[in-house]
Ligand code: EPZ
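In our numbering, the protein residues as written are 418 to 847.
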């Protein structure tokens, strides 16, 4: 029995060894929802989002919009936003610290009001999380930027057309640039842009609002409109939640059907899953079946920008490698410090060696239950997966990380036969 020391934050108690069976519906994408919510700042008209996941980050985004005076209602998967009465252009520190994607208000605020003040989005446990590329595009478009008392002050008279090539491929950097340029009537060109499905979902919304956007490879040509329309939009499915649940079905030797997926967005992950020995059946345009027989083959994985293997699935695939029949290698090319979960997995018996950007994982017969600590959103998901296959009980602490990006994960897994209890208050046992 893993002893439970006293803590006051919620944690999961997980009993390992259950094979997952059944069907589960995938929620809407967190990383598509957040930029699209901020795009509502570009118009006075009503904006309606559906298929929105019920997540901490979505609540924080709503809190931020309301802080600035917008009217934002979130209820059962729909978000209705009106920014007609916006009175402020400040994203305060206490909100930015909760969610660094708050920086996504900068582009739309500058485009519509010519002013934005955003708390410096500190790094986080997975890396420095720089925003130099965001600021370079704003400056190229004529903005004056200064940093005072931990806040970034940005102002622009009139956004000028921009021709810019990103030094690095950045998801929110591309999203901020698109929104920044979306009310500039002259053509701008962005090169070396990110093409993640979440970026393309924002592109769809901006087009609905009246922005002309052409995409050719990693080049985008944007022609904005001075007055932009409101929009109604159904958010794309969350490809990372889908991948996480597919891994859960496979590594438990289960048989799960994922409903409401977007096949195109998860193709790369499914190829890797099949390489590891999963049986993947396409049941329809938005349904797949994933089965495992208990044997997991070792893998070579390199995280890359989309359409490459997603960094947000790296920790989850590492769990699979921990119990594979052989030695696996995972190289993290996107973030400089996204191996926080390694220490915790080692507490469960994993044998992992880190050298620079590469983790070498020596597959073991099994993992054993332990008390482990979440450090970031996807690391916490990997610890839940490890708990599902570990022998005995696992305690996953600080699951507020998980609640930022997964909607009712324990409920979805329990409906598939897992045994996970969300414990609100610590119990002191021997
Ligand atoms: C987005 O973060 C996602 N978040 C992340 O998901 C995801 O891991 C990441 O893209 C990569 O796919 C949201 O969409 C809200 P980046 P973002 O800018 O935009 C460097 C999750 O788990 N960089 O694409 O912050 C940066 O340091 C989260 O849901 C610069 O150098 O990531 C990083 O090493 C975690 N300068 C790399 O680029 C910049 O100006 C990729 O960062 C911007 C980024």
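In this text, a Cβ means the ideal position worked out from N, Cα and C, and glycines have one as well.
TODO: Using only the heavy atoms of the ligand EPZ, determine whether one of them is closer than 7 Å to the beta carbon of residue 752.
DONE: yes
Task: Expected contact under 8 Å - CB spacing of residue 444 and residue 658 to nearest Å - done: 6 Å
Task: Rounded C-alpha distance that separates residue 652 from residue 713 - done: 33 Å
- [ ] Report whether the distance from the Cβ of residue 549 to the nearest heavy atom of the ligand EPZ is below 7 Å.
- [x] yes
Task: Neighbourhood of residue 649 by C-beta distance below 6 Å, restricted to the same chain and skipping five residues each side - done: 465
Open item on the list: Quick check on this structure: which residue in 742, 795 and 798 has the alpha carbon closest to the alpha carbon of residue 781?
Closed with: 742
Open item on the list: Assess contact between the region 538-548 and the region 787-798, defined as three or more Cβ pairs (one per stretch) separated by less than 8 Å. Is contact present?
Closed with: yes
Open item on the list: Classify residue 448: buried if its beta carbon has 16 or more other beta carbons within 10 angstroms, exposed otherwise.
Closed with: buried
Open item on the list: Quick check for students: name the residue ranges of the alpha helix (DSSP H) that lie wholly in the region 689-760, counting only runs of 4 or more.
Closed with: 731-739
TODO: Could you have a look at residue 609 and say whether DSSP puts it in helix, strand or coil?
DONE: coil
Task: Alpha-carbon to alpha-carbon, residue 613 and residue 635 - done: 11 Å
TODO: State the start and end residues of the unbroken beta strand (DSSP E) segment that holds residue 565.
DONE: 561-565
Task: Minimum C-alpha distance to residue 654 - residue among 593, 692, 550 and 824 - done: 824
TODO: State the beta-bridge partners of residue 654 as determined by DSSP.
DONE: 445
Open item on the list: Taking 8 Å as the cut-off, does the region 614-631 touch the region 545-556 (at least 3 CB pairs, one atom from each stretch)?
Closed with: no
Open item on the list: So, does the region 429-442 touch the region 804-814, judging by three or more C-beta pairs under 8 Å?
Closed with: yes
Open item on the list: Closer than 7 Å to a non-hydrogen atom of the ligand EPZ - does that hold for the CB of residue 450?
Closed with: no
- [ ] Answer yes or no: do residue 774 and residue 811 have a C-beta to C-beta separation smaller than 8 Å?
- [x] no
Task: Identity of the residue in 836, 599 and 670 nearest residue 639 by Cα - done: 599
Task: Alpha carbon of residue 660 to alpha carbon of residue 683, nearest angstrom - done: 7 Å
TODO: Under 6 Å Cβ to Cβ from residue 847, same chain only, skipping five residues before and after it: list those, please.
DONE: Only weak support exists for where residue 847 lies, its pLDDT of 44 falling under 50; the value from the coordinates is given anyway. Counting only Cβ-Cβ distances below 6 Å, and skipping sequence neighbours, we find nothing.
Task: residue 467, enclosing alpha helix (DSSP H) - first and last residue - done: From DSSP, residue 467 is part of no alpha helix (DSSP H) but of the beta strand (DSSP E) over 464-467.
TODO: Could you check if residue 428 is buried or exposed, using at least 16 other CB atoms within 10 Å of its CB as the buried criterion?
DONE: buried
TODO: Report whether the distance from the Cβ of residue 490 to the nearest heavy atom of the ligand EPZ is below 7 Å.
DONE: no
TODO: Have a look at 786, 469, 491 and 515 and flag the residue whose alpha-carbon is nearest the alpha-carbon of residue 818.
DONE: 515
Open item on the list: For residue 472 and residue 706, which I take to be in contact (beta-carbon distance under 8 Å), what is that distance rounded to the nearest angstrom?
Closed with: In fact, because the Cβ distance is near 26 Å, the residues do not count as touching under 8 Å.
Task: Cα-Cα separation, residue 492 to residue 519 - done: 21 Å
Open item on the list: Taking 7 Å as the cut-off, is the beta-carbon of residue 695 closer than that to any non-hydrogen atom of the ligand EPZ?
Closed with: no
- [ ] Kindly list the residues whose CB is nearer than 7 Å to the CB of residue 468, restricted to its own chain and excluding five residues on each side of it in sequence; keep chain order.
- [x] 445, 494, 651 and 652
- [ ] Give a single yes or no on whether residue 775 has its beta carbon closer than 7 Å to a heavy atom of the ligand EPZ.
- [x] no
Open item on the list: Is the beta carbon of residue 728 closer than 8 Å to that of residue 752?
Closed with: yes
Task: Heavy atom of the ligand EPZ within 7 Å of residue 469 beta-carbon - done: no
Task: Length of the line joining the Cα atoms of residue 797 and residue 457 - done: 31 Å
Task: Spatial distance of residue 418 from residue 838 (CA atoms) - done: A caution first: residue 418 carries a pLDDT of 48, below 50, which makes its placement in the model unreliable, though a value can still be read off. Roughly 15 Å separates the two Cα atoms.
Open item on the list: Whole angstroms are fine: how far does the CA of residue 592 sit from the CA of residue 831?
Closed with: 36 Å
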